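>
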Amino acid sequence: MAKVPVQFTLNGSEKAEFIDSGTTLLHALRDKIGDTSPKGGCHQGTCGACSVIIDGELRLSCLTLVETCNGAVISTTSGLSEAGVLHPLQRAFLDTFATQCGFCTPGMIMAAKVLLDHTPNPSRDEVIEALSGNICRCTGYEPIIQAVLTAARSNSQNAA
Amino acid sequence: MAIRRGRGVAAINYPTGMNLGGDPTQALVHSTPTGNFMVTLSSVDLGQGMKQIMAQICAETIGVPTDRVVVDTADTDTGPHCMGTFASRGTHRAGNAVIQAAREARQVMLEVAAEELEVNASDLETDGQGNILVKGAPQKSISIFDVALSAHFKRGRSISGRGMFLIPRSYPEKETGAMKPSTCYAHACTVAEVEVDDETGEVTVLTVKNVFEIGRALNPKMVEQQLVGGSWMGISHALYETTEPYYPNRDHGGTDFNQYLMPGPGDLAETEIIVLERPSADGPYGAKGPGEMCANPQIPAVANAVFDAVGVRIDTLPITPERILRALKAQAAN
Numbered sequence: 738m739a740k741v742p743v744q745f746t747l748n749g750s751e752k753a754e755f756i757d758s759g760t761t762l763l764h765a766l767r768d769k770i771g772d773t774s775p776k777g778g779c780h781q782g783t784c785g786a787c788s789v790i791i792d793g794e795l796r797l798s799c800l801t802l803v804e805t806c807n808g809a810v811i812s813t814t815s816g817l818s819e820a821g822v823l824h825p826l827q828r829a830f831l832d833t834f835a836t837q838c839g840f841c842t843p844g845m846i847m848a849a850k851v852l853l854d855h856t857p858n859p860s861r862d863e864v865i866e867a868l869s870g871n872i873c874r875c876t877g878y879e880p881i882i883q884a885v886l887t888a889a890r891s892n893s894q895n896a897a
Numbered sequence: 014m015a016i017r018r019g020r021g022v023a024a025i026n027y028p029t030g031m032n033l034g035g036d037p038t039q040a041l042v043h044s045t046p047t048g049n050f051m052v053t054l055s056s057v058d059l060g061q062g063m064k065q066i067m068a069q070i071c072a073e074t075i076g077v078p079t080d081r082v083v084v085d086t087a088d089t090d091t092g093p094h095c096m097g098t099f100a101s102r103g104t105h106r107a108g109n110a111v112i113q114a115a116r117e118a119r120q121v122m123l124e125v126a127a128e129e130l131e132v133n134a135s136d137l138e139t140d141g142q143g144n145i146l147v148k149g150a151p152q153k154s155i156s157i158f159d160v161a162l163s164a165h166f167k168r169g170r171s172i173s174g175r176g177m178f179l180i181p182r183s184y185p186e187k188e189t190g191a192m193k194p195s196t197c198y199a200h201a202c203t204v205a206e207v208e209v210d211d212e213t214g215e216v217t218v219l220t221v222k223n224v225f226e227i228g229r230a231l232n233p234k235m236v237e238q239q240l241v242g243g244s245w246m247g248i249s250h251a252l253y254e255t256t257e258p259y260y261p262n263r264d265h266g267g268t269d270f271n272q273y274l275m276p277g278p279g280d281l282a283e284t285e286i287i288v289l290e291r292p293s294a295d296g297p298y299g300a301k302g303p304g305e306m307c308a309n310p311q312i313p314a315v316a317n318a319v320f321d322a323v324g325v326r327i328d329t330l331p332i333t334p335e336r337i338l339r340a341l342k343a344q345a346a347n
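Protein sequences, first through last, are from chains X and H. Take the first sequence: its letter number 144 is residue 881 in the working numbering, and every next letter is one higher. Take the second sequence: its letter number 216 is residue 229 in the working numbering, and every next letter is one higher.
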């Protein structure tokens, strides 16, 4: 299969790769670039574990062809912490015990980040809506909802 | 046709592990040259927090802070044998094995400290902060760091221990068939409130109130986390989850996890969790296994609540709208 050149920004650093045409972004990130924070759950766009942020929008990396990402700005959970300090969402997931097996956590955090980027003080219903594309088997969702609300509160306190 | 409300209660006893064929777990503990401790297990952490609990149990037994313990569950080929993480047995079985291994390691540690301090090992105690003191004369002390260095480089001792926890196999009595499937039981009781639409058969769980008796909660936040998730899972089992078709035709069955129904974040019942701690006689520091039992009492509680609401007994899971409507139809026909 023909290789195609792909260039994009991943968590602030430039990436340039020759990748098989037809490769998904999920596969490229995990197996080519080595960022394993997006998880492959269903590979059909229904579980949300592979969620990443592309140009500010929440996207499913398992359904995104990497060729369509030329010039894009992509964020994954592995790029969230700065100088060893966890992002407020990561901190809140830890503090509210919102993760057990951890497989859904990166996707949940990306979905929550897009919500908080657009809606800094979301209602409970807005949090539920934002997380509704992500499946969790362990937590029963309530701790995750609480984590997102907690992160929103800590953000607004820091801003004040 | 109306929305009808009902309330149901259920209580369960749940065994910790299984001793139908014997139920062993092995653990090894050893110190590093600088007085940190390694716990080696083949028991696997599936996300329930076994590594954290084993670190706490080892630290408590040896007398060091939890952050001085590393738990290695890397490889079931090379680690000491474990029957596995199932039957809610991880904390109970592996925890007991870790206590035994850690006690043996602690004994060697105290013997080396005794040689360094020129006292009897039986006169020593740990302060839980990484030091070994002479009982009644705490000014005479040595750090575990120095004890480990001495053991490794001066005295040629391995500060290590072996643990093997085995509940012997229980054989049924010939006459009665009576046997002892478990030595340790957790308990739970749930009250569920539901609304049933007797036109569509749809069930909405309004509230779930759970009381769990789980022995001693070795890590209360992690116990709560597992119980909250388990309560949701119980509702999911009661009303949604099946690999069979919802309707008789196989073509209507789920073909993969995309069509395997579970309640999402918008479908949560108001949930209450109360934890009762009655330390078990043979559990590590009194623990029992809360793992699976926490997802059980919601199922009969919801079935009973449906009966209370619309007067039909559904005895096949999940309790789907179709099953309720068929039962209502049969009830009306009688």
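Glycine included, C-beta positions come from ideal geometry on N, C-alpha and C. Small disclaimer: the values here were computed from a predicted structure and weren't measured.
Got a sec? Which residues, its chain only, sit under 6 Å from A753 of chain X by beta carbon, not counting five neighbours each side?
As a working note, residue 753 of chain X is residue 16 in the first sequence. Cβ within range, chain order: Q744.
> Would G296 of chain H and H43 of chain H qualify as a contact pair, given that the criterion is a beta-carbon distance under 8 Å?
Working through the second sequence from its first residue, we reach residue 296 of chain H at position 283. Working through the second sequence from its first residue, we reach residue 43 of chain H at position 30. No.
> Is there a Cβ of chain H sitting closer than 8 Å to that of T783 of chain X, yes or no?
Within the first sequence, the letter at position 46 stands for residue 783 of chain X. Yes, contact with chain H.
> DSSP three-state label for H824 of chain X, please.
The residue you call residue 824 of chain X lines up with position 87 of the first sequence. If DSSP states are grouped into helix, strand and coil, H824 of chain X belongs with coil.
> Can you give the Cα-Cα distance for A829 of chain X and E794 of chain X, rounded to whole angstroms?
Counting from one through the first sequence, the residue named residue 829 of chain X turns up at place 92. Counting from one through the first sequence, the residue named residue 794 of chain X turns up at place 57. Roughly 22 Å between the two C-alpha positions.
> Sort out for me which residues DSSP pairs V207 of chain H with in a bridge.
On the second sequence, residue 207 of chain H is found 194 positions in, with the first residue counted as 1. Per DSSP, H:G19 and H:V218.
> Please check if any C-beta of chain H sits within less than 8 Å of the C-beta of E819 of chain X.
For the purposes of this step, residue 819 of chain X is identified with residue 82 of the first sequence, where counting begins at 1. Not an interface residue.
> Looking at the secondary structure, which residues open and close the alpha helix (DSSP H) in which N144 of chain H lies?
What you label residue 144 of chain H is simply residue 131 of the second sequence in a count that begins at 1. Counting along the chain, N144 of chain H falls outside any alpha helix (DSSP H), though it belongs to the beta strand (DSSP E) covering N144 to V147.
> Please go through the same chain and pick out, in chain order, the residues whose beta-carbon is closer than 6 Å to the beta-carbon of G103 of chain H, but skip the five residues on each side of it.
As a first step, residue 103 of chain H is located in the second sequence; it is residue number 90 there, counting from the start. Hits under 6 Å: S56 and M63.
> What do you reckon, are the CB atoms on Q833 of chain X and P880 of chain X nearer than 8 Å?
Residue 833 of chain X sits at position 96 when you count from the first residue of the first sequence. Residue 880 of chain X sits at position 143 when you count from the first residue of the first sequence. Note that residue 833 of chain X corresponds to Thr in the displayed sequence, not to Gln. Cβ distance < 8 Å, so T833 of chain X and P880 of chain X count as in contact.
> Using beta-carbon positions only, say whether A201 of chain H and L330 of chain H come within less than 8 Å of one another.
Walking along the second sequence from the start, residue 201 of chain H turns up at place 188. Walking along the second sequence from the start, residue 330 of chain H turns up at place 317. Cβ distance not < 8 Å, so A201 of chain H and L330 of chain H don't count as in contact.
> Does Q61 of chain H come within less than 8 Å of chain X when only Cβ atoms are used?
Mapped onto the second sequence, residue 61 of chain H falls at position 48. Answer yes: the Cβ-Cβ gap between Q61 of chain H and chain X drops below 8 Å somewhere.
> Just the Cα atoms here: how many angstroms apart are E117 of chain H and D88 of chain H?
The residue given as residue 117 of chain H occupies position 104 in the second sequence. The residue given as residue 88 of chain H occupies position 75 in the second sequence. Spanning the two alpha carbons is a distance of roughly 23 Å.
> DSSP three-state label for G877 of chain X, please.
Taking the first sequence and counting its residues from 1, the one referred to as residue 877 of chain X is at position 140. Coil at G877 of chain X, not helix or strand.
> Between which two residues does the alpha helix (DSSP H) holding T38 of chain H run?
Here residue 38 of chain H is taken as the residue at index 25 of the second sequence, counted from 1. It is not in any alpha helix (DSSP H) - T38 of chain H instead sits in the beta strand (DSSP E) that spans T38 to S44.
> Near T746 of chain X, which residues of its chain fall below 8 Å by C-beta distance, leaving aside the five closest residues on each side in sequence?
In the first sequence, the residue the question calls residue 746 of chain X occupies position 9. The residues are K752, A809, V810 and I811.
> Any C-beta of chain H sitting closer than 8 Å to the C-beta of T876 of chain X?
For this step, residue 876 of chain X is matched to residue 139 along the first sequence. By this cut-off, T876 of chain X is an interface position.
> Any Cβ of chain H within less than 8 Å of the Cβ of E879 of chain X?
As a working mapping, residue 879 of chain X is identified with position 142 in the first sequence. Taking Cβ atoms only, chain H reaches closer than 8 Å to E879 of chain X, which makes this a yes.
> Where I172 of chain H and M122 of chain H are concerned, what is the direct C-alpha to C-alpha distance, given to the nearest angstrom?
In the second sequence, residue 172 of chain H corresponds to position 159, counting from 1. In the second sequence, residue 122 of chain H corresponds to position 109, counting from 1. Their backbone Cα atoms lie some 6 Å apart in a straight line.
> Taking only beta carbons into account, state which residues of the segment 224-252 of chain H come closer than 8 Å to chain X, listed in chain order.
Taking 8 Å as the Cβ-Cβ cut-off against chain X, the residues of the segment 224-252 of chain H that qualify are K234, M235, E237, Q238, Q239, V241, G242, G243, S244, W245 and M246.
> Is A150 of chain H buried or exposed, if buried means 16 or more other CB atoms sit within 10 Å of its CB?
Here the question's residue 150 of chain H lines up with position 137 in the second sequence. The residue is exposed, with fewer than 16 neighbouring Cβ atoms inside 10 Å.
> Looking at chain X, is there any beta carbon in it that lies within less than 8 Å of the beta carbon of N271 of chain H?
To locate residue 271 of chain H, count along the second sequence from 1; it is residue 258. Yes, N271 of chain H lies at the interface with chain X (some Cβ there is under 8 Å from its Cβ).
> Nearest chain X C-beta to G103 of chain H closer than 8 Å, yes or no?
Looking up residue 103 of chain H in the second sequence gives position 90. No, its Cβ sits nowhere closer than 8 Å to a Cβ of chain X.
> Please report whether the beta-carbon of Q837 of chain X lies at a distance below 8 Å from any beta-carbon of chain H.
As a first step, residue 837 of chain X must be located in the first sequence, where it is residue number 100. Yes, Q837 of chain X lies at the interface with chain H (some Cβ there is under 8 Å from its Cβ).
> Would you mind giving the Cβ-Cβ distance between R170 of chain H and V125 of chain H, rounded to the nearest angstrom? I have them listed as a contact below 8 Å.
Against the second sequence, residue 170 of chain H aligns to sequence position 157. Against the second sequence, residue 125 of chain H aligns to sequence position 112. Right, the Cβ-Cβ distance comes to about 5 Å (below 8 Å), so this counts as a contact.
> One question on the structure: do P185 of chain H and M177 of chain H come within less than 8 Å of each other, judged by their Cβ atoms?
Counted from its first residue, the second sequence places residue 185 of chain H at position 172. Counted from its first residue, the second sequence places residue 177 of chain H at position 164. No, these two residues do not count as a Cβ contact at 8 Å.
> Do C95 of chain H and L54 of chain H have their CB atoms nearer than 8 Å?
Taking the second sequence and counting its residues from 1, one reaches residue 95 of chain H at position 82. Taking the second sequence and counting its residues from 1, one reaches residue 54 of chain H at position 41. Yes; because the gap between Cβ atoms is below 8 Å, this pair is in contact.
> Anything in chain X within Cβ reach of L281 of chain H, meaning under 9 Å, just list it in chain order.
By one-based count along the second sequence, residue 281 of chain H stands at place 268. Result: I865, G877, Y878, E879 and I882.
> Only counting runs of 4 or more residues, tell me where the alpha helix (DSSP H) segments fall wholly within the segment 769-852 of chain X, in order along the chain.
You should have 825-832.
> Find the residues of chain X that neighbour T371 of chain H, judging by a C-beta separation of less than 8 Å, and give them in chain order.
Look at the range of chain H in this structure, 14 to 347, and you will see that residue 371 of chain H is not part of it.
> Comparing C-alpha positions only, which one of X:R890, X:L868, X:Q894 and X:L886 sits nearest to T783 of chain X?
The residue labelled residue 783 of chain X in the question sits at position 46 within the first sequence. Per the Cα distances, X:L868.
> Could you check whether the Cβ of F834 of chain X sits closer than 8 Å to any Cβ belonging to chain H?
For the purposes of this step, residue 834 of chain X is taken as residue 97 along the first sequence, with counting starting at 1. By this cut-off, F834 of chain X is an interface position.
> According to DSSP, simplified to helix, strand and coil, what is D854 of chain X?
Numbered from 1 along the first sequence, position 117 holds the residue referred to as residue 854 of chain X. In the structure shown, D854 of chain X sits in a helix (DSSP, three-state: H, G or I).
> Please decide whether G277 of chain H counts as near chain X, where near means a Cβ-Cβ distance under 8 Å.
Taking the second sequence and counting its residues from 1, the one referred to as residue 277 of chain H is at position 264. Chain X contact via Cβ: present.
> Does the beta carbon of L831 of chain X come closer than 8 Å to any beta carbon on chain H?
By 1-based counting over the first sequence, the position of residue 831 of chain X is 94. So, not an interface residue.
> May I ask you to report which of helix, strand or coil DSSP gives L762 of chain X?
By 1-based counting over the first sequence, the position of residue 762 of chain X is 25. Reduced to three states, the DSSP call for L762 of chain X is helix.
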